[in-house]
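2 protein chains.
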Amino acid sequence: MCQVSDWERVVEFHGHVCLGLAMGYRAALAALRVLEADPAADEELVAIVENDACGVDALQVLTGCTFGKGNLIFRDWGKPVYTIGRRDNGKAVRVVMKDTSWAVDEEFAALRRKVFGGEGTPEDRRRLQARQLEVAERILNAPEEDVCTVQETTISLPPRARIYPSVTCACCGERVMEPRARIEEGKTLCIPCSERHRGR
Amino acid sequence: MCQVSDWERVVEFHGHVCLGLAMGYRAALAALRVLEADPAADEELVAIVENDACGVDALQVLTGCTFGKGNLIFRDWGKPVYTIGRRDNGKAVRVVMKDTSWAVDEEFAALRRKVFGGEGTPEDRRRLQARQLEVAERILNAPEEDVCTVQETTISLPPRARIYPSVTCACCGERVMEPRARIEEGKTLCIPCSERHRGR
Numbered sequence: 005m006c007q008v009s010d011w012e013r014v015v016e017f018h019g020h021v022c023l024g025l026a027m028g029y030r031a032a033l034a035a036l037r038v039l040e041a042d043p044a045a046d047e048e049l050v051a052i053v054e055n056d057a058c059g060v061d062a063l064q065v066l067t068g069c070t071f072g073k074g075n076l077i078f079r080d081w082g083k084p085v086y087t088i089g090r091r092d093n094g095k096a097v098r099v100v101m102k103d104t105s106w107a108v109d110e111e112f113a114a115l116r117r118k119v120f121g122g123e124g125t126p127e128d129r130r131r132l133q134a135r136q137l138e139v140a141e142r143i144l145n146a147p148e149e150d151v152c153t154v155q156e157t158t159i160s161l162p163p164r165a166r167i168y169p170s171v172t173c174a175c176c177g178e179r180v181m182e183p184r185a186r187i188e189e190g191k192t193l194c195i196p197c198s199e200r201h202r203g204r
Numbered sequence: 005m006c007q008v009s010d011w012e013r014v015v016e017f018h019g020h021v022c023l024g025l026a027m028g029y030r031a032a033l034a035a036l037r038v039l040e041a042d043p044a045a046d047e048e049l050v051a052i053v054e055n056d057a058c059g060v061d062a063l064q065v066l067t068g069c070t071f072g073k074g075n076l077i078f079r080d081w082g083k084p085v086y087t088i089g090r091r092d093n094g095k096a097v098r099v100v101m102k103d104t105s106w107a108v109d110e111e112f113a114a115l116r117r118k119v120f121g122g123e124g125t126p127e128d129r130r131r132l133q134a135r136q137l138e139v140a141e142r143i144l145n146a147p148e149e150d151v152c153t154v155q156e157t158t159i160s161l162p163p164r165a166r167i168y169p170s171v172t173c174a175c176c177g178e179r180v181m182e183p184r185a186r187i188e189e190g191k192t193l194c195i196p197c198s199e200r201h202r203g204r
């Protein structure tokens, strides 16, 4: 069996090393440890993520809570907070990431603000990427209390993912699952055709 | 270097083999082929997915368009359609998945309706999973024209992902990124505290 470390799998999925990915890696491992849980092959775990930044990719790989399985719930709250629960025993943890400015110097912070502020040149992006590894390693090697807090909590688990029958859009002829079909003047339409039809 | 096939990487990420995952695998490979693109290490590609079902996990692994990188755009339209574009030359393709009832027999279809309709017993889930591999292999080995259509298209690419400064919620004391902070009676709050405060 091929030996690939958890961190290597996370980096391969995300495509590059960065500070946020390392944070998500620490969050996921801390959550699994406290939950005494294995990654979810199906929907055994549910993750509620309060942001959609890099760290969530580490969470997807390590917890098995993925966008495509329906056990990754996104709350667009812009908070570095991840709540992960087990369906079998209802146990859940809330992981709150700490401010990690201690891990970066001013040059890195300034580059990061520039690049992710939308003003970075391709050269700035290269310089930032070249420094991400050293910063990520500080996060990976730091004591957990410098990176995040993990509190046990309770969550109401969402129902398991469902599939629905498909119907055909009377306008574009493409299939759409029933709950997303719209009715316009007796015709069954998909949402984009319905919105075009309404001139939106 | 460890040799793991693309399909093995997709299955490891998703956690199990299923029909939808095989469909997403075919969609992703078809898109990359027509775009003549490599998987996105950063945001070189952008994917607009019109559903959040299993297939999107294959798309995340193979195209590098991931939830955490900001280059996976979700339109909740319930359609088996994926649009993938290149930032460098603006080329884009729209992949529309075909009805694959040809790949399943009535027993499988009935089990799938039952399990994903929310009425399956754990035993039904086991029986369904036991049959997913054979069905997935039919999809993996089918001629592309039986699985999907790939049309070149044009899309307006979203801006690259950004990061923002954080502020501290005056209620819970947790950090929130500026664009998601809310102001209540002069106080800066995160969205969940703001909603509690408003009694929602």
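For the protein sequence lines, the chains are A and B, in the order given. The numbering of the first sequence is this note's numbering, which starts it at 5 and goes up by one. The numbering of the second sequence is this note's numbering, which starts it at 5 and goes up by one. Beta carbons are placed, not taken as given, at the ideal position from N, Cα and C, and that holds for glycine. It should be emphasised that the depicted structure is a prediction, and the values quoted were computed from it without experimental measurement.
Using a Cβ-Cβ distance cut-off of 8 Å, the segment 153-167 of chain B and the segment 80-99 of chain B are in contact, since at least three pairs of beta carbons, one from each stretch, lie closer than that value.
Under the three-state reduction of DSSP, Ser105(B) is assigned to helix. For a Cβ distance threshold of 9 Å, residue set Arg166, Ile167, Tyr168 of chain B lies close to Gly121(A), ordered along the chain. Per DSSP, reduced to three states, the secondary structure at Tyr168(A) is coil, with no helix or strand assignment. A straight-line Cα-Cα distance of about 48 Å links Leu36(B) and Gly203(B). Gln133(B) carries a helical assignment under DSSP once its states are collapsed to helix, strand and coil. Distance from the Cα of Asp103(B) is smallest, within the candidate group Thr125(A), Pro162(A), Val14(A), Met181(A), for Met181(A). DSSP places Phe78(A) inside the beta strand (DSSP E), whose first and last residues are 76-78. By the criterion of a C-beta distance shorter than 7 Å, Arg116(B) is surrounded in its chain by Leu132, once the five residues flanking it on both sides are discounted. In the three-state reduction of the DSSP assignment, Ala34(A) falls in the helix class.
Among the residues of chain B, those whose CB is under 8 Å from the CB of Gln64(A) are Phe17, Gln64, Thr70, Phe71, Gly72, following chain order. DSSP places Ile195(B) in the uninterrupted alpha helix (DSSP H) bounded by 195-201. Sixteen is the threshold: since fewer than 16 other Cβ atoms of the shown chains lie within 10 Å of the Cβ of Trp106(B), the residue is exposed. In chain order, Ala44, Asp46, Glu47, Ala165 place their CB closer than 8 Å to the CB of Lys73(B), counting only its own chain and leaving out the 5 sequence neighbours on each side.
Arg116(B): member of the alpha helix (DSSP H) spanning 110-120, first to last residue. Contact between Gly19(A) and Gly59(B) is absent: CB atoms are separated by about 20 Å, not below the 8 Å threshold. Cβ neighbours of Arg179(A) within its own chain (closer than 8 Å, five residues either side excluded): Ser170, Val171, Thr172, Cys173.
If only complete runs of 3 or more residues are kept, the segment 8-74 of chain A shows the beta strand (DSSP E) at 49-53, in order along the chain. Shown here for Val85(B): same chain residues with a beta carbon closer than 6 Å to its own, the five before and five after excluded, namely Glu54, Val100 in chain order. Counting C-beta pairs closer than 8 Å gives three or more between the segment 19-35 of chain B and the segment 127-147 of chain B, which meets the contact rule. Shown here, Ala96(A) sits in a strand according to DSSP, grouped into three states.
Per DSSP, Val151(A) has no beta-bridge partner at all. Contact of Asp46(A) with chain B is assigned, a C-beta pair being separated by under 8 Å.
When beta bridges are read from the DSSP output, Arg186(B) appears opposite Leu193(B). Looking only at Ile167(A), Ala113(A), Thr158(A), the smallest Cα-Cα distance to Tyr168(B) is reached by Ala113(A). Residue contact check for Met181(A) against chain B: a CB pair falls below 8 Å. Excluding residues up to 5 positions away in sequence, Thr70 lie with their Cβ nearer than 6 Å to the Cβ of Gln64(A) in the same chain. Around the beta-carbon of Gln136(B), 16 or more other beta-carbon atoms lie within 10 Å, marking it buried.
In chain order, Val180, Arg184, Cys194, Ile195, Pro196 make up the part of chain B whose C-beta sits under 8 Å from the C-beta of Trp81(A). Taking C-beta separations shorter than 7 Å and ignoring five residues to either side along the sequence, the partners of Gly24(A) in its chain run Ala57, Cys58, Gly59, following chain order. Using a CB distance cut-off of 8 Å, His20(A) counts as an interface residue toward chain B. In this chain, the beta strand (DSSP E) harbouring Gly89(A) covers 85-90.
Within the model, the alpha-carbon separation for Arg91(B) versus Trp11(B) is close to 26 Å. Close to chain A, meaning a Cβ-Cβ distance shorter than 7 Å, are the following residues of the segment 87-108 of chain B: Val100, Asp103.
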